[in-house]
Amino acid sequence: MSTIRRCDTADLTNRIRTTPVVAHEASLVELRALRDNHPLWSNRLFQACESGSLDRSDLRYIFSQYQLYSRSFTRFISAVMANCDSDLFRARLSENLWEEGGGCAPERRHAELFRRFLRDALDVPAPEDTEFEAYTQLFVREYLTFCLASEPLAGSAFLSLGTEGIVPRMYEIFMRGLGHAGLRGDELEFFKIHVECDDDHALTLEQMMLSYTDEPRWFEICKRAMTHALDLRLQFFERCVDELQRRRLDGMLARVNSGVSLCPLAAPASEVRHRGDAVGPALYTNRVEAAGIDFEVSRIPLQAEVLDPRRVAIPPGRCNERHRHAHETFIYILAGIGQVDVDAQTVDVVAGDSVMVPRWALHQTRNTGTTPLQFLAVTDYQLTKRAFVGDAQAYRLDESANLHRRE
2 MSTIRRCDTA DLTNRIRTTP VVAHEASLVE LRALRDNHPL WSNRLFQACE
52 SGSLDRSDLR YIFSQYQLYS RSFTRFISAV MANCDSDLFR ARLSENLWEE
102 GGGCAPERRH AELFRRFLRD ALDVPAPEDT EFEAYTQLFV REYLTFCLAS
152 EPLAGSAFLS LGTEGIVPRM YEIFMRGLGH AGLRGDELEF FKIHVECDDD
202 HALTLEQMML SYTDEPRWFE ICKRAMTHAL DLRLQFFERC VDELQRRRLD
252 GMLARVNSGV SLCPLAAPAS EVRHRGDAVG PALYTNRVEA AGIDFEVSRI
302 PLQAEVLDPR RVAIPPGRCN ERHRHAHETF IYILAGIGQV DVDAQTVDVV
352 AGDSVMVPRW ALHQTRNTGT TPLQFLAVTD YQLTKRAFVG DAQAYRLDES
402 ANLHRRE
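The sequence shown maps to residues 2 to 408 in the working numbering.
Below, the structure is given as C-alpha coordinates:
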(Lines of atoms letter the chains of each structure in order from A and count residues from 1; the text may use other names and numbers.)
(Lines give C-alpha, C1' and ligand atoms only; values in the text may rest on other atoms or scores of the structure.)
Protein backbone atom coordinates (compact mmCIF):
# COMPACT_ATOMS: atom_id res chain seq x y z
CA MET A 1 0.00 0.00 0.00
CA SER A 2 1.37 3.40 -0.92
CA THR A 3 0.99 6.48 1.20
CA ILE A 4 0.10 9.73 -0.58
CA ARG A 5 0.92 12.91 1.27
CA ARG A 6 1.23 16.54 0.36
CA CYS A 7 4.92 17.30 -0.10
CA ASP A 8 6.96 20.15 1.29
CA THR A 9 6.99 22.45 -1.72
CA ALA A 10 9.81 24.75 -0.63
CA ASP A 11 12.44 22.82 -2.59
CA LEU A 12 10.27 22.64 -5.70
CA THR A 13 9.53 26.36 -5.48
CA ASN A 14 13.20 27.22 -5.15
CA ARG A 15 14.07 25.02 -8.11
CA ILE A 16 11.38 26.59 -10.23
CA ARG A 17 12.63 30.04 -9.33
CA THR A 18 15.99 29.18 -10.81
CA THR A 19 14.38 29.81 -14.20
CA PRO A 20 16.22 32.75 -15.76
CA VAL A 21 13.56 35.36 -15.01
CA VAL A 22 15.74 38.44 -14.93
CA ALA A 23 16.36 38.47 -18.67
CA HIS A 24 12.61 38.48 -19.29
CA GLU A 25 11.56 40.79 -16.48
CA ALA A 26 10.92 43.66 -18.89
CA SER A 27 8.67 41.43 -20.99
CA LEU A 28 6.77 40.30 -17.89
CA VAL A 29 6.31 43.91 -16.81
CA GLU A 30 4.92 44.75 -20.24
CA LEU A 31 2.58 41.75 -20.25
CA ARG A 32 1.29 42.57 -16.77
CA ALA A 33 0.73 46.18 -17.79
CA LEU A 34 -1.29 45.02 -20.79
CA ARG A 35 -3.29 42.74 -18.51
CA ASP A 36 -3.91 45.43 -15.90
CA ASN A 37 -5.11 47.90 -18.53
CA HIS A 38 -7.28 45.51 -20.51
CA PRO A 39 -10.89 46.66 -21.16
CA LEU A 40 -12.00 43.85 -18.82
CA TRP A 41 -11.46 46.16 -15.86
CA SER A 42 -14.00 48.70 -17.10
CA ASN A 43 -16.77 46.21 -17.87
CA ARG A 44 -20.30 47.05 -16.73
CA LEU A 45 -20.45 44.24 -14.18
CA PHE A 46 -17.42 45.56 -12.30
CA GLN A 47 -18.81 49.09 -12.48
CA ALA A 48 -22.10 47.89 -11.01
CA CYS A 49 -20.28 46.06 -8.21
CA GLU A 50 -18.27 49.15 -7.34
CA SER A 51 -21.31 51.45 -7.36
CA GLY A 52 -23.39 49.08 -5.24
CA SER A 53 -26.20 48.96 -7.78
CA LEU A 54 -26.69 45.17 -7.72
CA ASP A 55 -29.18 43.72 -5.27
CA ARG A 56 -29.30 40.14 -4.04
CA SER A 57 -31.57 39.08 -6.88
CA ASP A 58 -29.10 40.44 -9.43
CA LEU A 59 -26.17 38.77 -7.69
CA ARG A 60 -28.06 35.51 -7.37
CA TYR A 61 -28.44 35.36 -11.14
CA ILE A 62 -24.87 36.44 -11.95
CA PHE A 63 -23.11 34.07 -9.56
CA SER A 64 -25.43 31.17 -10.38
CA GLN A 65 -24.17 31.52 -13.95
CA TYR A 66 -20.56 31.95 -12.79
CA GLN A 67 -20.88 28.65 -10.95
CA LEU A 68 -20.30 26.73 -14.19
CA TYR A 69 -16.88 28.36 -14.58
CA SER A 70 -16.03 27.71 -10.93
CA ARG A 71 -16.85 24.02 -11.01
CA SER A 72 -15.03 23.61 -14.36
CA PHE A 73 -11.79 25.21 -13.23
CA THR A 74 -10.00 21.97 -12.36
CA ARG A 75 -10.71 20.81 -15.92
CA PHE A 76 -8.77 23.80 -17.25
CA ILE A 77 -5.76 23.03 -15.07
CA SER A 78 -5.95 19.34 -15.97
CA ALA A 79 -5.96 20.17 -19.67
CA VAL A 80 -2.86 22.36 -19.42
CA MET A 81 -1.17 19.78 -17.21
CA ALA A 82 -1.85 17.01 -19.76
CA ASN A 83 -0.09 19.07 -22.44
CA CYS A 84 2.88 19.91 -20.20
CA ASP A 85 6.11 18.06 -21.03
CA SER A 86 7.80 18.83 -17.69
CA ASP A 87 7.26 16.37 -14.84
CA LEU A 88 8.30 19.10 -12.38
CA PHE A 89 5.57 21.46 -13.52
CA ARG A 90 3.07 18.62 -13.71
CA ALA A 91 3.88 17.98 -10.05
CA ARG A 92 3.24 21.63 -9.19
CA LEU A 93 0.02 21.70 -11.18
CA SER A 94 -1.03 18.52 -9.39
CA GLU A 95 -0.53 20.42 -6.15
CA ASN A 96 -2.82 23.17 -7.45
CA LEU A 97 -5.43 20.55 -8.29
CA TRP A 98 -5.04 19.06 -4.82
CA GLU A 99 -5.75 22.44 -3.23
CA GLU A 100 -8.67 23.16 -5.57
CA GLY A 101 -10.08 19.75 -4.66
CA GLY A 102 -9.94 20.45 -0.93
CA GLY A 103 -6.87 18.32 -0.20
CA CYS A 104 -7.75 15.65 2.34
CA ALA A 105 -11.22 17.18 2.78
CA PRO A 106 -13.05 16.94 -0.56
CA GLU A 107 -16.11 18.46 1.07
CA ARG A 108 -14.07 21.68 1.16
CA ARG A 109 -13.20 21.62 -2.51
CA HIS A 110 -13.51 25.06 -4.02
CA ALA A 111 -16.43 24.15 -6.26
CA GLU A 112 -18.35 22.98 -3.19
CA LEU A 113 -17.45 26.15 -1.27
CA PHE A 114 -18.94 28.12 -4.15
CA ARG A 115 -22.14 26.05 -4.05
CA ARG A 116 -22.31 26.67 -0.30
CA PHE A 117 -21.92 30.40 -0.96
CA LEU A 118 -24.84 30.26 -3.39
CA ARG A 119 -27.02 28.29 -0.97
CA ASP A 120 -26.22 30.03 2.29
CA ALA A 121 -25.39 33.60 1.27
CA LEU A 122 -27.54 34.12 -1.82
CA ASP A 123 -30.41 31.74 -0.98
CA VAL A 124 -30.10 29.62 -4.12
CA PRO A 125 -31.91 26.45 -2.94
CA ALA A 126 -30.36 23.99 -5.41
CA PRO A 127 -27.30 25.43 -7.19
CA GLU A 128 -26.68 22.13 -8.94
CA ASP A 129 -30.01 22.53 -10.77
CA THR A 130 -29.10 25.89 -12.29
CA GLU A 131 -30.04 26.26 -15.95
CA PHE A 132 -26.99 27.77 -17.58
CA GLU A 133 -27.48 30.28 -20.34
CA ALA A 134 -26.10 29.50 -23.80
CA TYR A 135 -23.53 32.29 -23.43
CA THR A 136 -22.34 30.79 -20.13
CA GLN A 137 -21.87 27.38 -21.68
CA LEU A 138 -20.04 28.95 -24.62
CA PHE A 139 -17.68 30.81 -22.26
CA VAL A 140 -16.71 27.65 -20.38
CA ARG A 141 -16.49 25.55 -23.54
CA GLU A 142 -14.16 28.03 -25.24
CA TYR A 143 -12.02 28.23 -22.10
CA LEU A 144 -11.66 24.46 -21.99
CA THR A 145 -11.08 24.14 -25.73
CA PHE A 146 -8.19 26.58 -25.60
CA CYS A 147 -6.58 24.75 -22.68
CA LEU A 148 -6.96 21.38 -24.41
CA ALA A 149 -5.79 22.46 -27.85
CA SER A 150 -2.92 24.80 -26.97
CA GLU A 151 0.78 24.14 -26.71
CA PRO A 152 2.16 24.33 -23.14
CA LEU A 153 3.44 27.89 -23.56
CA ALA A 154 0.10 29.30 -24.71
CA GLY A 155 -1.83 27.24 -22.16
CA SER A 156 0.31 28.40 -19.24
CA ALA A 157 0.10 32.05 -20.36
CA PHE A 158 -3.67 31.71 -20.73
CA LEU A 159 -4.07 30.40 -17.18
CA SER A 160 -1.35 32.46 -15.48
CA LEU A 161 -1.46 35.99 -16.82
CA GLY A 162 -4.97 35.75 -18.25
CA THR A 163 -6.70 33.84 -15.46
CA GLU A 164 -5.03 33.20 -12.09
CA GLY A 165 -3.15 36.49 -12.17
CA ILE A 166 -6.36 38.53 -12.22
CA VAL A 167 -8.17 36.67 -9.45
CA PRO A 168 -7.22 38.79 -6.40
CA ARG A 169 -8.16 42.08 -8.04
CA MET A 170 -11.31 40.64 -9.64
CA TYR A 171 -12.58 38.91 -6.52
CA GLU A 172 -11.97 41.98 -4.39
CA ILE A 173 -14.31 43.83 -6.76
CA PHE A 174 -16.87 41.05 -6.36
CA MET A 175 -16.52 41.19 -2.58
CA ARG A 176 -17.19 44.93 -2.57
CA GLY A 177 -20.29 44.40 -4.72
CA LEU A 178 -21.52 41.64 -2.41
CA GLY A 179 -20.82 43.82 0.60
CA HIS A 180 -22.84 46.67 -0.90
CA ALA A 181 -25.75 44.23 -1.19
CA GLY A 182 -25.54 43.44 2.52
CA LEU A 183 -23.58 40.18 2.57
CA ARG A 184 -21.33 39.68 5.58
CA GLY A 185 -17.61 39.00 5.45
CA ASP A 186 -18.03 35.50 6.88
CA GLU A 187 -20.26 34.60 3.92
CA LEU A 188 -17.49 35.31 1.41
CA GLU A 189 -15.08 32.49 2.30
CA PHE A 190 -14.79 31.28 -1.30
CA PHE A 191 -13.57 34.66 -2.51
CA LYS A 192 -11.25 35.26 0.45
CA ILE A 193 -9.52 31.91 -0.10
CA HIS A 194 -8.83 32.78 -3.72
CA VAL A 195 -7.58 36.26 -2.96
CA GLU A 196 -5.11 34.77 -0.48
CA CYS A 197 -3.92 31.61 -2.28
CA ASP A 198 -4.09 32.24 -6.00
CA ASP A 199 -0.82 34.16 -6.05
CA ASP A 200 0.99 30.82 -5.58
CA HIS A 201 -1.12 29.19 -8.28
CA ALA A 202 -0.37 32.03 -10.67
CA LEU A 203 3.34 31.78 -9.83
CA THR A 204 3.48 28.10 -10.77
CA LEU A 205 1.85 28.76 -14.13
CA GLU A 206 3.96 31.86 -14.72
CA GLN A 207 7.17 29.94 -14.07
CA MET A 208 5.97 27.23 -16.42
CA MET A 209 5.40 29.93 -19.03
CA LEU A 210 8.89 31.32 -18.42
CA SER A 211 10.44 27.90 -18.91
CA TYR A 212 9.62 28.23 -22.62
CA THR A 213 11.36 31.56 -23.17
CA ASP A 214 13.68 30.01 -25.73
CA GLU A 215 10.74 29.41 -28.06
CA PRO A 216 10.42 31.72 -31.08
CA ARG A 217 7.86 34.53 -30.69
CA TRP A 218 7.56 33.81 -26.96
CA PHE A 219 6.24 37.29 -26.13
CA GLU A 220 3.67 37.32 -28.94
CA ILE A 221 2.35 33.88 -28.00
CA CYS A 222 2.01 34.89 -24.33
CA LYS A 223 0.32 38.16 -25.22
CA ARG A 224 -2.15 36.52 -27.58
CA ALA A 225 -3.08 33.76 -25.10
CA MET A 226 -3.43 36.18 -22.18
CA THR A 227 -5.55 38.57 -24.24
CA HIS A 228 -7.79 35.74 -25.40
CA ALA A 229 -8.52 34.71 -21.81
CA LEU A 230 -9.31 38.30 -20.83
CA ASP A 231 -11.47 38.82 -23.92
CA LEU A 232 -13.50 35.68 -23.18
CA ARG A 233 -14.15 36.82 -19.62
CA LEU A 234 -15.06 40.34 -20.76
CA GLN A 235 -17.57 38.96 -23.25
CA PHE A 236 -19.07 36.72 -20.57
CA PHE A 237 -19.46 39.53 -18.04
CA GLU A 238 -21.01 41.86 -20.61
CA ARG A 239 -23.48 39.16 -21.63
CA CYS A 240 -24.33 38.70 -17.95
CA VAL A 241 -25.26 42.36 -17.74
CA ASP A 242 -27.25 42.22 -20.99
CA GLU A 243 -29.27 39.31 -19.67
CA LEU A 244 -29.66 40.94 -16.26
CA GLN A 245 -31.17 44.01 -17.93
CA ARG A 246 -33.60 41.83 -19.84
CA ARG A 247 -34.63 39.96 -16.70
CA ARG A 248 -35.20 43.21 -14.81
CA LEU A 249 -37.58 44.44 -17.52
CA ASP A 250 -39.34 41.16 -18.32
CA GLY A 251 -42.18 41.67 -15.83
CA MET A 252 -42.84 45.23 -16.92
CA LEU A 253 -42.88 44.28 -20.61
CA ALA A 254 -45.24 41.41 -19.89
CA ARG A 255 -47.66 43.77 -18.13
CA VAL A 256 -47.41 46.27 -21.01
CA ASN A 257 -48.45 43.56 -23.44
CA SER A 258 -51.08 41.88 -21.25
CA GLY A 259 -53.80 44.49 -21.80
CA VAL A 260 -54.86 44.10 -18.16
CA SER A 261 -55.54 47.16 -15.99
CA LEU A 262 -53.09 47.65 -13.12
CA CYS A 263 -55.60 49.73 -11.17
CA PRO A 264 -56.76 47.78 -8.10
CA LEU A 265 -60.46 46.99 -7.95
CA ALA A 266 -62.34 49.52 -5.84
CA ALA A 267 -59.14 51.52 -5.34
CA PRO A 268 -59.58 54.32 -2.78
CA ALA A 269 -59.35 57.88 -4.06
CA SER A 270 -55.98 58.35 -2.33
CA GLU A 271 -54.43 55.81 -4.70
CA VAL A 272 -55.39 57.74 -7.82
CA ARG A 273 -55.45 61.35 -6.57
CA HIS A 274 -53.13 63.55 -4.52
CA ARG A 275 -54.55 66.85 -3.27
CA GLY A 276 -52.58 69.96 -4.16
CA ASP A 277 -52.47 71.14 -0.55
CA ALA A 278 -51.40 67.75 0.80
CA VAL A 279 -47.80 67.21 1.90
CA GLY A 280 -45.92 64.30 0.37
CA PRO A 281 -43.06 62.41 2.01
CA ALA A 282 -39.69 64.20 1.96
CA LEU A 283 -37.31 62.68 -0.58
CA TYR A 284 -34.19 64.83 -0.77
CA THR A 285 -32.89 68.10 0.67
CA ASN A 286 -29.60 69.88 0.16
CA ARG A 287 -28.13 73.22 1.22
CA VAL A 288 -24.68 74.41 0.19
CA GLU A 289 -24.36 78.07 1.14
CA ALA A 290 -21.21 78.76 -0.87
CA ALA A 291 -22.81 77.44 -4.07
CA GLY A 292 -26.21 79.05 -3.49
CA ILE A 293 -27.84 75.63 -3.37
CA ASP A 294 -31.00 75.29 -1.30
CA PHE A 295 -33.94 73.12 -2.29
CA GLU A 296 -36.33 70.44 -1.10
CA VAL A 297 -37.82 67.50 -2.98
CA SER A 298 -40.92 65.61 -1.85
CA ARG A 299 -42.54 62.65 -3.52
CA ILE A 300 -46.13 62.74 -4.68
CA PRO A 301 -47.35 59.44 -3.18
CA LEU A 302 -49.08 57.98 -6.22
CA GLN A 303 -47.77 54.57 -7.22
CA ALA A 304 -46.86 54.01 -10.85
CA GLU A 305 -44.83 51.40 -12.69
CA VAL A 306 -42.72 53.87 -14.69
CA LEU A 307 -43.53 57.45 -13.68
CA ASP A 308 -42.12 58.98 -10.51
CA PRO A 309 -43.77 62.36 -9.71
CA ARG A 310 -41.98 64.78 -7.39
CA ARG A 311 -42.53 68.29 -6.09
CA VAL A 312 -39.55 70.66 -5.81
CA ALA A 313 -39.31 73.95 -3.91
CA ILE A 314 -36.45 76.47 -4.24
CA PRO A 315 -36.25 79.64 -2.09
CA PRO A 316 -35.68 83.06 -3.74
CA GLY A 317 -32.16 83.58 -5.07
CA ARG A 318 -31.25 79.91 -4.70
CA CYS A 319 -30.89 76.92 -7.03
CA ASN A 320 -30.82 73.18 -7.03
CA GLU A 321 -27.77 71.12 -7.97
CA ARG A 322 -26.29 70.95 -11.43
CA HIS A 323 -26.72 67.29 -12.27
CA ARG A 324 -27.58 64.65 -14.85
CA HIS A 325 -29.18 61.22 -14.74
CA ALA A 326 -30.50 58.32 -16.79
CA HIS A 327 -34.16 59.28 -16.42
CA GLU A 328 -35.82 61.94 -18.53
CA THR A 329 -37.73 64.64 -16.67
CA PHE A 330 -40.83 66.67 -17.45
CA ILE A 331 -40.90 69.90 -15.41
CA TYR A 332 -44.11 71.91 -14.89
CA ILE A 333 -43.77 75.26 -13.11
CA LEU A 334 -46.43 75.63 -10.40
CA ALA A 335 -45.45 78.99 -8.90
CA GLY A 336 -42.70 81.62 -9.08
CA ILE A 337 -40.24 82.60 -11.79
CA GLY A 338 -36.81 81.26 -12.62
CA GLN A 339 -34.39 79.87 -15.15
CA VAL A 340 -33.67 76.30 -16.21
CA ASP A 341 -30.39 75.21 -17.80
CA VAL A 342 -30.58 72.19 -20.10
CA ASP A 343 -27.08 71.46 -21.33
CA ALA A 344 -25.95 74.68 -23.05
CA GLN A 345 -29.49 76.15 -23.32
CA THR A 346 -30.95 78.48 -20.65
CA VAL A 347 -34.69 79.25 -20.63
CA ASP A 348 -36.76 81.62 -18.49
CA VAL A 349 -39.81 80.06 -16.83
CA VAL A 350 -42.96 81.28 -15.10
CA ALA A 351 -45.98 79.53 -13.64
CA GLY A 352 -47.66 77.38 -16.29
CA ASP A 353 -44.48 76.75 -18.31
CA SER A 354 -43.12 73.29 -19.06
CA VAL A 355 -39.55 72.13 -19.64
CA MET A 356 -38.34 68.80 -21.00
CA VAL A 357 -34.99 67.49 -19.76
CA PRO A 358 -33.74 64.58 -21.94
CA ARG A 359 -31.79 61.65 -20.52
CA TRP A 360 -28.28 62.48 -19.35
CA ALA A 361 -28.72 66.20 -20.11
CA LEU A 362 -26.88 68.39 -17.62
CA HIS A 363 -29.49 70.62 -15.94
CA GLN A 364 -30.10 73.06 -13.11
CA THR A 365 -32.98 75.27 -11.97
CA ARG A 366 -32.61 78.73 -10.36
CA ASN A 367 -35.16 80.90 -8.58
CA THR A 368 -34.77 84.44 -9.98
CA GLY A 369 -37.84 85.83 -8.22
CA THR A 370 -38.78 87.01 -4.73
CA THR A 371 -41.16 84.16 -3.89
CA PRO A 372 -40.57 80.40 -3.70
CA LEU A 373 -40.17 78.64 -7.05
CA GLN A 374 -42.25 75.47 -7.05
CA PHE A 375 -42.47 72.90 -9.80
CA LEU A 376 -43.62 69.41 -10.55
CA ALA A 377 -40.95 67.03 -11.87
CA VAL A 378 -42.17 63.79 -13.42
CA THR A 379 -39.48 61.26 -14.34
CA ASP A 380 -39.39 57.70 -15.61
CA TYR A 381 -37.11 56.73 -12.73
CA GLN A 382 -39.04 53.52 -12.04
CA LEU A 383 -38.00 52.36 -15.52
CA THR A 384 -34.40 53.53 -15.53
CA LYS A 385 -33.60 52.10 -12.11
CA ARG A 386 -34.27 48.69 -13.68
CA ALA A 387 -32.86 49.30 -17.15
CA PHE A 388 -29.70 51.14 -16.07
CA VAL A 389 -27.14 48.74 -14.61
CA GLY A 390 -25.34 51.30 -12.51
CA ASP A 391 -26.25 53.53 -9.61
CA ALA A 392 -29.19 55.54 -10.92
CA GLN A 393 -29.21 57.61 -7.71
CA ALA A 394 -25.51 58.58 -7.68
CA TYR A 395 -25.82 61.73 -9.74
CA ARG A 396 -26.13 64.56 -7.25
CA LEU A 397 -23.24 67.03 -7.35
CA ASP A 398 -21.39 64.72 -9.75
CA GLU A 399 -20.24 66.22 -13.03
CA SER A 400 -17.33 63.85 -13.67
CA ALA A 401 -19.10 62.22 -16.59
CA ASN A 402 -19.79 65.50 -18.36
CA LEU A 403 -16.30 66.42 -19.51
CA HIS A 404 -17.22 65.55 -23.09
CA ARG A 405 -19.75 68.39 -23.24
CA ARG A 406 -18.91 71.84 -24.57
CA GLU A 407 -20.67 74.57 -22.65
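For every residue, glycine included, the Cβ atom is placed at its ideal position computed from N, Cα and C. Here the structure is a predicted model, which is why all the values come from computation and not from measurement.
In this structure, the CA atom of Pro128 is about 34 Å from the CA atom of Asn38. By a beta-carbon distance limit of 8 Å, Tyr62 contacts Leu245. Their separation comes to about 6 Å. Judged by DSSP in its simplified three-state form, Tyr70 adopts helix. 7 Å or more divides the Cβ of Ala158 from the Cβ of Met82. Taking a contact as a CB-CB distance under 8 Å, the pair Ala230 and Leu60 does not count as one, their CB atoms being some 24 Å apart.
For Gln340, there is no enclosing alpha helix (DSSP H); the enclosing beta strand (DSSP E) has its first and last residue at 338-343. By the neighbour-count criterion, in which 16 or more other beta carbons inside 10 Å mark a residue as buried, Asp381 falls on the buried side.
Residue pairing from DSSP places His324 in a beta bridge opposite His364. In this model, Val350 and Arg367 are separated by some 10 Å (Cα to Cα).
Apart from the 5 residues on each side of it in sequence, Leu179 sits with its Cβ closer than 7 Å to the Cβ of Leu60, Leu189 in its chain, given in chain order.
Asn321 counts as buried, since no fewer than 16 other beta carbons sit within 10 angstroms of its beta carbon. Here Phe140 is actually not in contact with Tyr172; their C-beta atoms are around 17 Å apart, not less than 8 Å. Distance from Gln66 to Thr137 at the Cβ level is roughly 5 Å; contact confirmed, criterion being Cβ atoms closer than 8 Å.
If you look at Ala135, you'll find it in the alpha helix (DSSP H) that goes 135-150.
The continuous stretches of beta strand (DSSP E) do not include Phe238, which lies in the alpha helix (DSSP H) extending over residues 219-259. DSSP places Asp278 outside both helix and strand once states are collapsed to three, so it counts as coil. Counting of Cβ neighbours within 10 angstroms places Glu216 among the exposed residues, the total staying below 16. If you look at Val30, you'll find it isn't in any beta strand (DSSP E); it sits in the alpha helix (DSSP H) that goes 26-37. Excluding sequence positions up to five before and after His275, its CB lies within less than 6 Å of the CB of Ile301, Leu303, all in the same chain and listed in chain order. In summary, Ala80 is buried, with 16 or more beta-carbon neighbours lying within 10 Å of its beta-carbon over all protein chains present. Nearest neighbour of Phe133 by Cα position, chosen from Ala49, Asp124, Tyr70, Ile174, turns out to be Tyr70.
With respect to Gly391, Ser58 sits apart: the two C-beta atoms are not nearer than 7 Å. The three-state reading of DSSP puts Ala388 in helix, counting H, G and I together.
Taking a C-beta distance under 7 Å as the contact criterion, Val356 and Ile332 qualify as a contact pair. Straight across, the Cα-Cα distance linking Phe389 with Tyr213 is about 46 Å.
Take the alpha-carbon of Asn97 and the one of Arg288: they are about 57 Å apart.
Comparing alpha carbon positions, the residue from Val257, Arg256, Ile222, Gln346 closest to Leu154 is Ile222.
Per DSSP, Phe118 is not a residue of any beta strand (DSSP E), being assigned neither H nor E.
DSSP places Asn97 in the helix class (H, G or I) of the three-state scheme.
Taking the Cβ atoms as the reference, Leu46 lies roughly 6 Å from Cys241, within the contact range of under 8 Å. Ranked by Cα distance from Leu263, the options Glu26, Gly337, Val307 are led by Val307.
For Leu284, the uninterrupted beta strand (DSSP E) run begins and ends at 283-289, by DSSP.
Nearest in C-alpha terms to Phe238, of all of Leu32, Leu41, Ser28, is Leu41. The beta carbon of Glu329 is closer than 8 Å to those of Met357, Val358, Pro359, Arg360, Thr380, Asp381 in its chain, skipping five residues each way along the sequence. Judged by DSSP in its simplified three-state form, Gln208 adopts helix. From the listed residues Glu113, Leu377, His326, Phe90, the smallest Cα separation to Met210 is found for Phe90.
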